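Read through the structure below, which is laid out as structure tokens, and then see the notes.
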Amino acid sequence: DHEKKYIKYASLIELKDRVMYYFSASDLLISDFSSIVIDYCFFNKPIIQITDIIDKNIRRHEGKQQKYVKFEAGEFTKARKLKNIIDLTLKNPDTYKTKRGEVFKDVVEIVKGSSKLAADVIEEYVKKIK
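Just add 669 to wherever you are in the sequence shown, counting from 1, and you've got this note's numbering.
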């Protein structure tokens, strides 16, 4: 039983390692309102959030006790305009650089020690893969 738990957690660590590798190799992130936006802010690379998906998910969960946070860390767009926004974002990747840094810093401050520890682990991992 203990061995099964270890394998389960080892798999999660491997998955997180792969995600961080792809984050470091990517040029931008396209997402909805997922907390993965915060993880990606660590790399301070462009983020595009699709409002159609955000609106659809909020409507689907209306009335349920869920909190949605809109992370102002990049462009917001409708899916139909995505291609144009991708092109603009890749041409001007630093447009929201300061804001992304602020969002990441704010989140780290909110959760203090645990976020700092996670940020340190991520930073060490990024150093290893570069």
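Note that beta-carbon positions come from the ideal geometry of N, C-alpha and C, so glycine has one too.
These numbers were taken from a predicted model, which means no experiment stands behind them.
According to the neighbour-count rule (16 or more other Cβ atoms, all chains shown, within 10 Å of its Cβ), is residue i buried or exposed?
i	result
ARG769	buried
ASP688	Note that residue 688 is Val in the sequence shown here, rather than Asp. Counting Cβ neighbours within 10 Å, VAL688 comes out exposed, since fewer than 16 surround it.
ALA748	exposed
GLU652	Only positions 670 to 799 of the chain appear in this structure, which leaves residue 652 out of reach.
Could you tell me the alpha carbon to alpha carbon distance between residue i and residue j, rounded to whole angstroms?
i	j	result
ASP701	LEU759	19 Å
ILE798	ASP756	27 Å
GLU714	ASN753	Reading the sequence as shown, one finds Lys at residue 714 and not Glu. Their backbone Cα atoms lie some 18 Å apart in a straight line.
ALA787	ILE707	12 Å
ASP686	TYR709	13 Å
THR720	ASP789	32 Å
PHE745	GLU683	31 Å
ASN761	ALA694	18 Å
SER703	VAL772	14 Å
The beta strand (DSSP E) spanning residue i covers which residue range?
i	result
THR758	Run containing THR758: none in the beta strand (DSSP E); it sits in the alpha helix (DSSP H), 751-760.
SER700	698-700
Over the uninterrupted alpha helix (DSSP H) stretch that includes residue i, give me the two end residues.
i	result
TYR709	705-710
Check the DSSP bridge columns for residue i and list the partner residues they point to.
i	result
PHE745	GLN718
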